[in-house]
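Enquirer: Attaching a single structure in structure tokens format; questions to follow.
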Amino acid sequence: NAGVTQTPKFRVLKTGQSMTLLCAQDMNHEYMYWYRQDPGMGLRLIHYSVGEGTTAKGEVPDGYNVSRLKKQNFLLGLESAAPSQTSVYFCASRTQETFFGQGTRLTVV
Amino acid sequence: QKEVEQDPGPLSVPEGAIVSLNCTYSNSAFQYFMWYRQYSRKGPELLMYTYSSGNKEDGRFTAQVDKSSKYISLFIRDSQPSDSATYLCAMSGRPLTGGGNKLTFGTGTQLKVEL
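Which chain is which? The protein sequence lines are A and B, in order.
For the first sequence, position 27 matches number 27 in my numbering, and the numbering has no gaps at all.
For the second sequence, position 67 matches number 67 in my numbering, and the numbering has no gaps at all.
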């Protein structure tokens with residue numbers, strides 16, 4: 001049972017480049033989330049989804065887009081990366097308890 | 001002002017000590033309170049989940065909620081080096097079941113238990 005798997009684990013981007021972070025869960029969870037974690041700021045919600053085909057904005061959505069075409073996958077896109085998006089990104093899914101992935105460390109230079 | 005305040009530490013204690021970790025909050029709508037443990041370079045994992053005021057015990061861990069003071073605590077008895085991690089409090093105005101539930105996290109307290 002893999003739980004929540006994030007791809008990639010590490011990435012360095014140049015300013016203006018784009019990329020997609022993939023989250024996959026094998027627990028048949030309806031609800032999925034993308035957070036970013038920054039020193040002194042804690043975990044902040046970027047976007048979330050309450051089911052296949054649905055997405056909604058969280059606390060800090062600007063500069064990010066998401067898609068939930070399949071129930072098990074939740075993709076986070078950065079269209080034009082900025083240094084302010086340097087962070088550790090966590091995907092999570094849940095029914096009652098929230099399960100987190102291992103995180104993606106993204107550096108934008 | 002942040003909705004949830006948590007001292008970042010670091011907090012260093014000797015093995016076997018009783019550890020007290022705390023969060024304060026300002027939103028009186030919060031009803032559901034959680035503690036997560038996060039090891040270095042890992043994702044958070046749920047430790048304790050409590051509803052409204054009162055205490056909940058699970059092994060060496062006790063979660064305490066005082067809604068009148070808007071203050072929650074996590075106590076760790078007989079602390080072990082394996083307890084060294086960052087502890088995050090989280091809270092919500094809705095139960096964990098149900099769609100659209102969003103958690104508000106504290107910034108985390110880094111704990112080190114030394115031999």
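For every residue, glycine included, the Cβ atom is placed at its ideal position computed from N, Cα and C.
These figures come from a predicted structure and were not determined experimentally.
Select from the segment 64-93 of chain A all residues with a C-beta closer than 8 Å to any C-beta belonging to chain B, and list them in chain order.
Expert: Taking a C-beta cut-off of 8 Å against chain B, the contacting residues of the segment 64-93 of chain A are 90 and 92, listed in chain order.
Enquirer: Which residue marks the beginning of the beta strand (DSSP E) containing residue 113 of chain B, and which one marks its end?
Expert: Walking along the second sequence from the start, residue 113 of chain B turns up at place 113. Unbroken beta strand (DSSP E) run through residue 113 of chain B: 109-114.
Enquirer: Skipping 5 residues on each side, what residues in its chain have a beta carbon closer than 7 Å to that of residue 14 of chain A?
Expert: Counted from its first residue, the first sequence places residue 14 of chain A at position 14. Same-chain partners within the cutoff: 109.
Enquirer: Which two residues bound the contiguous beta strand (DSSP E) that contains residue 14 of chain B?
Expert: As a first step, residue 14 of chain B must be located in the second sequence, where it is residue number 14. According to the DSSP assignment, residue 14 of chain B belongs to the beta strand (DSSP E) that extends over 11-14.
Enquirer: Between residue 19 of chain A and residue 92 of chain A, how many whole angstroms is the CB-CB distance? I'm expecting something under 8 Å.
Expert: Residue mapping note: residue 19 of chain A aligns to position 19 of the first sequence, counting from 1. Residue mapping note: residue 92 of chain A aligns to position 92 of the first sequence, counting from 1. Between residue 19 of chain A and residue 92 of chain A the beta-carbon gap is near 20 Å, outside 8 Å, which marks them as no contact.
Enquirer: Going by DSSP, name the residue or residues bridged to residue 32 of chain A.
Expert: If you number the first sequence from 1, residue 32 of chain A lands on position 32. Answer is A:49 and A:93, bridged to residue 32 of chain A.
Enquirer: With distances taken between CB atoms, is the gap from residue 71 of chain A to residue 52 of chain A smaller than 7 Å?
Expert: Start at 1 with the first residue of the first sequence, and residue 71 of chain A comes out as number 71. Start at 1 with the first residue of the first sequence, and residue 52 of chain A comes out as number 52. For residue 71 of chain A and residue 52 of chain A, yes; Cβs fall inside 7 Å.
Enquirer: Out of curiosity, what's the CA-to-CA distance linking residue 63 of chain B and residue 16 of chain A?
Expert: On the second sequence, position 63 is the one that residue 63 of chain B refers to. On the first sequence, position 16 is the one that residue 16 of chain A refers to. Each residue's Cα considered, the two are about 45 Å apart.
Enquirer: Can you tell me whether DSSP reads residue 67 of chain A as helix, strand or coil?
Expert: Counted from its first residue, the first sequence places residue 67 of chain A at position 67. In this structure, residue 67 of chain A counts as strand in the three-state DSSP scheme.
Enquirer: Mind checking if residue 42 of chain A is an interface residue toward chain B, Cβ cutoff 7 Å exclusive?
Expert: On the first sequence, residue 42 of chain A is found 42 positions in, with the first residue counted as 1. Answer yes: the Cβ-Cβ gap between residue 42 of chain A and chain B drops below 7 Å somewhere.
Enquirer: If you measure between the beta carbons of residue 74 of chain A and residue 4 of chain A, is that distance less than 7 Å?
Expert: The residue you call residue 74 of chain A lines up with position 74 of the first sequence. The residue you call residue 4 of chain A lines up with position 4 of the first sequence. No; because the gap between Cβ atoms is not below 7 Å, this pair is not in contact.
Enquirer: Excluding the five sequence neighbours on either side, which residues of its own chain have a C-beta within less than 6 Å of the C-beta of residue 11 of chain A, listed in chain order?
Expert: Start at 1 with the first residue of the first sequence, and residue 11 of chain A comes out as number 11. Cβ contact annotation for residue 11 of chain A (same chain, cutoff 6 Å, sequence separation greater than five): 106, in chain order.
Enquirer: Going by CA-CA distance only, name the one from A:77, A:88, A:83 and A:46 that's closest to residue 21 of chain A.
Expert: For the purposes of this step, residue 21 of chain A is identified with residue 21 of the first sequence, where counting begins at 1. Measuring from the Cα of residue 21 of chain A, the nearest candidate turns out to be A:77.
Enquirer: Name, in chain order, the residues that DSSP records as bridge partners for residue 55 of chain B.
Expert: One-based indexing of the second sequence puts residue 55 of chain B at position 55. B:64, per the DSSP bridge assignment.
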